[in-house]
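Below is one structure, written out as structure tokens; comments come after it.
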Amino acid sequence: MAGDACLRQIAQIIADGVSRRADVVTRYGGEEFAVILPDTDADGARNRAETIRRSIAEDLNFQWDGEAITVSVSVGVATVAQGGRVTPDDMIGAADRALYEAKHTGRNRVVFRECTGDSASEPWPLKAE
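So the sequence shown is numbered by the working numbering: it starts at 11 and just counts up by one.
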């Protein structure tokens, strides 16, 4: 129950972190969220992801049974260059790889990958050092 309550608060912070009508926030899997930012360049996506990550780390005051619980998130960002042609599976794969890297290189961070559509060239899984 604590996990679900925490995820609801995280979802609200993420939703508050996007503002355009075309932006989409959705739960993707058990503990993951997807944020789709159409017509957003790589710098904009990185900045939005970092703002959301920071807001969760600094502004989420999650408590359960009267005990404060520190919460942070790892964020994987995938973008495609303007005019690039990739499939939804390519984008999901690139974002998933970036998330995996964020989790395995220290957590509470944003990792960025540009999706080229050649997901077979990207190592999977990444090895934590």
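Glycine included, every Cβ here is placed at the ideal spot set by N, Cα and C.
Per the C-alpha coordinates, the member of L109, H114 and T89 positioned closest to M101 is T89.
From the listed residues A59, A15 and A78, the smallest Cα separation to V35 is found for A59. Under the Cβ criterion (8 Å, minimum of three pairs), the stretch 92-109 does not count as touching the stretch 59-74. Judged by beta-carbon spacing, A32 lies within the 8 Å limit of P48, meaning their Cβ atoms are closer than that value.
According to the DSSP assignment, R37 belongs to no alpha helix (DSSP H) but to the beta strand (DSSP E) extending over V34 to R37. In the three-state reduction of the DSSP assignment, T80 falls in the coil class, being assigned neither a helical nor a strand state. In the same chain as G86, and ignoring 5 residues on each side of it, the C-beta atoms closer than 6 Å to its own belong to A105, A108, L109, A112 and V121, in chain order. T126 has its alpha-carbon roughly 13 Å from the corresponding atom of A52. When the alpha-carbon of G103 is set against those of R123, A15 and A91, the nearest one is in R123.
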